[in-house]
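Novice: What the sequence shown shows, in the UniProt record's numbering, is residues 1 to 628, in sequence order.
Submitted below is the structure of interest, expressed as structure tokens.
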Amino acid sequence: MEISTPYMIILIAAMVVTVAFMITLRRGQQVMLMHKCYYAATALLLLWLLVIFAMSFIPPDMMEILQILDATTTMCGAFIPAFILLFSICYIREINDAAPKWAWYIFIVPAVTTLMIFSNPLHHLYYRHFALENSSVKFGPYFYVHSTYTYACVAVSILLIVAYAIKTKSRLHLWQAVLFTVGNMIPTLVNLLVTLHALQASIVLTPSSFAITLVFHGIVIYRLHFFDIRPVAMQQLLNWISDCYLVTGKDGRVVNYNLPFLEIFGKPYKIRENSCLSDFVSNEDIENKTPLYNLLSALHSCERLHTRITYEQPLDLKRDKELKRYWFMVEVAPVFVKGNLGGYVSIFRDMTQIKLNMQKLADNQMKMMENERLAFLGQMVGGLAHNLKTPIMSISGSILAVEKLIEECRQSLGDPEVTEADYREIYGEMEQWLSRMKEAGAYMSDIITAVKGQATNITVSENVDFSLDDAIRRVMLLMRHELQQQQCHLVIDPKIHENGILIHGDINNLVQVMSNLVSNAVDAQKPDGKHDIVIETDWDEQEFHLTVKDYGTGISKNTRAKLFHQMVTSKGTKGTGLGIFISNSVIHAKFGGSMWYEDNPEGGSIMGISLPLTCVTFVPEDEVSENA
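Put into structure tokens, the structure is as follows:
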């Protein structure tokens, strides 16, 4: 069969392009089912071209060999559209491993075509008269079945890709669909024109026209990543994540987004790709500062400042037929391409569960603090009876003494031997006993005030300026019995009285923490050690430091590492581990401070409280007395 020089050049060029295309496709690719389909179609095209190239060397009188070679080209032409259709199905349905059983029915007609073309001399259903020139060939009835199915495969594959692109509303997918359609239509139209005798051409033209298809598909594959799983996987990954994702151009046009964004923001505001985001903003959005308006404001700020913008966005969403409040952390960042602003990426992170967990954690911590307060209050009950016993006995004794003096006055009435000086002496003694009762009553009042403060719910705080001296005095009252039991002495730094230190906050919270530290220091005493517990103060340019120092057993390194982060105790079964952990939480939550620990060089421990200097005031002692 003779092929003209121009057609031979086209044929050789098509073979070179096909071979190069197959090599580049195979290199570095993760082979999945859709890749295999495309490889098969390309391999069949190469076989088609090679057979035609071989036919050019066969003399025209060797018609039987030419018929066999032509049957081979027909087989290739029958299976290529079927593989393209299967490829399209795998692409849109994301079938990666094995094709479903029904997909193999696609190859029934190509298989029958292969059988019919190779057995054509027996029945002439494909060719009535075989010829190499389309002007002389006469087709049988089965040829039209084969042609109809071939065109149907191409048409359906195009429709599937186009429908998928329209469904995803992705500009990338739309461009892929356009080039895929054009690439498939060119050889289809050429083959149709040749079949209808509208175009007089050699049999080389139809397979060679696939070279143009490879050019279009090459653009789709290499420039638009049609054959690459990465954009598909990336889009799928973006659709899987719960965060909303939006890409906008520098002109405000929507470039891409994921399914969560479409469901939460896209559908309510009817946002579409290739549309300007500002087109969807109404006057109501501006007045109510809706999420869309806030997003546009963030984009404008990002455009003006060229920096990342972050803000929190509450949103009411209807889930499970119930309207619920959700919180999103929105982050808008500029995207630079070769140093120039290309657009913006907006991420909406769903912070609802984190907020709920944080609230739950805060509630649990508040419960723990309240439980610790109640436990501390329970510990004080035993000492409270002893603390009140002494002043009560003092008042009782004073009352008996005053009663005796009153009886003595009553009996001496009218007695000439009892002088005015004697009465004055009796009145003086009464005043002394009354003064003792007042002192005992004041002491009892202080104890009741201190206990009442600790009995108040920890969530009810009264943030005022209170005297540190007053707070320590309450600690001494509450811890007096425990100190006496262990024969401990509470030593107070004179600077506390001299400097007149006021702290802004709730005095009861600091009393609870200080009492806990003193109680721990009492428990840590050695039987034969120094039983002094020293409360000292110090400060620098930023913080005020309050320390409780003891000379006891100290704290082990293992316990020290977990002291403020976990509920640990060095008291064995006698301790809960809540004290220091909760105390640190109270200082942090109520005063904005922190707690720390260091070893006492003389043996024992130093527990420290550091408060911001902004909540501490130093005033003269007389002003402190007035405030108290």
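From the three backbone atoms N, C-alpha and C, an ideal C-beta is built for every residue, glycine too.
Identify whether Cys-615 lies in helix, strand or coil by the three-state DSSP scheme.
Specialist: Here Cys-615 sits in helix by DSSP.
Novice: Under three-state DSSP, which class holds Phe-79?
Specialist: Of the three classes helix, strand and coil, the one that applies to Phe-79 here is helix, per DSSP.
Novice: Report buried or exposed for Asp-506, applying the criterion of at least 16 other Cβ atoms within 10 angstroms of its Cβ.
Specialist: It is buried - the Cβ of Asp-506 has at least 16 other Cβ atoms within 10 Å.
Novice: Quick one: using the 10 Å Cβ neighbour count with 16 as the cut-off for buried, is residue 630 buried or exposed?
Specialist: Only positions 1 to 628 of the chain appear in the structure, and residue 630 is not among them; the question remains open.
Novice: Over what stretch of residues does the alpha helix (DSSP H) that includes Tyr-105 continue unbroken?
Specialist: Here Tyr-105 belongs to no alpha helix (DSSP H), and DSSP marks it neither H nor E.
Novice: Pair every Cβ in the region 504-519 with every Cβ in the region 588-595, then say whether three or more of these pairs are closer than 8 Å.
Specialist: With the cut-off at 8 Å, the region 504-519 and the region 588-595 touch.
Novice: Do Leu-160 and Ile-89 have their CB atoms nearer than 8 Å?
Specialist: Yes; because the gap between Cβ atoms is below 8 Å, this pair is in contact.
Novice: By how many angstroms is the C-alpha of Gly-339 removed from the C-alpha of Cys-276?
Specialist: Their backbone Cα atoms lie some 24 Å apart in a straight line.
Novice: Considering Ser-467, what are the terminal residues of the alpha helix (DSSP H) in which it resides?
Specialist: Premise fails: Ser-467 lies in the beta strand (DSSP E), 464-467, not in any alpha helix (DSSP H).
Novice: If you draw a straight line from the alpha carbon of Phe-280 to that of Ser-301, how long is it in whole angstroms?
Specialist: Cα-Cα distance, rounded: 19 Å.
Novice: At what residues does the beta strand (DSSP E) containing Met-595 begin and finish?
Specialist: Per DSSP, Met-595 belongs to the beta strand (DSSP E) from 594-599.
Novice: Just to confirm, are Val-182 and Phe-216 a CB contact at a threshold of 8 Å?
Specialist: Taking 8 Å as the Cβ cut-off, Val-182 and Phe-216 qualify as a contacting pair.
Novice: With 16 as the cutoff for other CB atoms within 10 Å, does Gln-353 come out buried or exposed?
Specialist: Result: exposed.
Novice: Counting C-beta neighbours from all protein chains within 10 Å, is the total for Tyr-91 16 or more, i.e. buried, or is it exposed?
Specialist: With 16 or more Cβ atoms within 10 Å of its Cβ, Tyr-91 is classed as buried.
Novice: Distance, Cα to Cα, Arg-253 vs Leu-296?
Specialist: So the alpha carbons of these two residues sit roughly 11 Å apart.
Novice: Could you check whether Asn-288 and Gln-313 sit closer than 8 Å to each other, using their CB atoms as the reference points?
Specialist: Going by C-beta atoms, Gln-313 is not nearer than 8 Å to Asn-288.
Novice: Is Met-607 helix, strand or coil by DSSP?
Specialist: Correct three-state label for Met-607: strand.
Novice: For Gln-176, count neighbouring C-beta atoms within 10 Å of its own C-beta (all shown protein chains included) and say buried if the count is 16 or more, exposed if not.
Specialist: Buried, because 16 or more other Cβ atoms sit within 10 Å of the Cβ of Gln-176.
Novice: Note down, in chain order, each residue of its chain lying with its Cβ closer than 6 Å to the Cβ of Phe-143, except the 5 sequence neighbours on either side.
Specialist: Closer than 6 Å at the Cβ level, and outside the excluded window around Phe-143, lie Tyr-126.
Novice: Tell me whether Lys-495 is buried or exposed, calling it buried when 16 or more other Cβ atoms sit within 10 Å of its Cβ.
Specialist: That one is exposed.
Novice: Would you call the region 557-564 and the region 513-530 in contact, with 3 or more CB pairs under 8 Å?
Specialist: No contact exists between the region 557-564 and the region 513-530.
Novice: Can you look up Ile-309 in the DSSP assignment and give me helix, strand or coil?
Specialist: Strand.
Novice: In three-state DSSP terms, what is Pro-100?
Specialist: Looking at Pro-100 - three-state DSSP - the assignment turns out to be coil, as it is neither helix nor strand.
Novice: What does the Cβ neighbour count give for residue 630, buried or exposed, with the cut at 16 atoms within 10 Å?
Specialist: Outside the shown range of the chain (1 to 628) lies residue 630, about which nothing can therefore be said.
Novice: Are Ala-552 and Gly-604 closer than 8 Å when you measure CB to CB?
Specialist: The residue you asked about is not Ala; residue 552 is Gly in the sequence shown. Their beta carbons are under 8 Å apart, which means Gly-552 touches Gly-604 by this criterion.
Novice: Run through DSSP, which three-state label would Glu-284 get?
Specialist: Note: Glu-284 maps to helix in three-state DSSP.
Novice: Under a three-way DSSP split, which group does Val-418 fall into?
Specialist: Val-418: coil per DSSP, three-state reduction.
Novice: What are the residues that DSSP puts in a beta bridge with Tyr-127?
Specialist: Phe-139.
Novice: Within 10 angstroms of the Cβ of Val-464, are there 16 or more other Cβ atoms? Answer buried if so, exposed if not.
Specialist: Exposed is the call here.
Novice: Measure the CB-CB distance between Ser-519 and Met-479 and report whether it falls below 8 Å.
Specialist: A contact, by the Cβ cut-off of 8 Å.
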